[in-house]
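Take a look at the structure:
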């Protein structure tokens, strides 16, 4: 019995460990998130705006999104959902990586949102609702917006993520009128 006394004193001395790393850390509330999309100029812009629909490796079709927050998110997982007009939802889980910019804003690394199951002509020039959640139901933030999917058939993404465009006069069967759908 004597050996249990020091153990119980030790447990009492430690107190309540709610919020310890073992139970997932301290409770937190929602935090603000905004979205950026890579546009046809290969620069990131706040949503709403035009999204560069990339024809990438192995014929995959995708856009790039990234999240902006005012602080480093404590949970680095999340999800992204996109719904092109007239098409089914596409969704995928995301494991985020954030870096702090000079102005104190935290930016996620680019997140690729794939549209591989949707024919290219059904995407080009269409509006698309995008939604991103950073974190989980206990500790997270979310943002949504609308983009217009733009495609230039003269350009594709190279193996290092660079934009490569040909100067050839390529027929533009998927060109839209530049206006909103």
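Residue numbers (my numbering): 639 to 819. The C-beta atom is built at its ideal place from N, Cα and C for all residues, glycine as well. Since the model is a prediction, treat every value here as computed from it, not as a measurement.
Residue i (DSSP reduced to helix, strand or coil)
i	result
residue 674	strand
residue 659	Here the model assigns residue 659 a pLDDT of 39, short of 50, so the residue's position is not dependable, and the following value carries that caveat. DSSP places residue 659 in helix when its eight states are reduced to three.
residue 799	coil
residue 735	coil
residue 746	strand
residue 695	helix
Residue j beta carbon less than 7 Å from that of residue i
i	j	result
residue 746	residue 736	yes
residue 788	residue 765	no
residue 792	residue 803	yes
residue 674	residue 690	no
residue 800	residue 694	no
residue 771	residue 743	no
Residues bridged to residue i [DSSP beta-bridge criterion]
i	result
residue 772	716, 779
residue 765	786
residue 690	788
residue 730	718
residue 701	751
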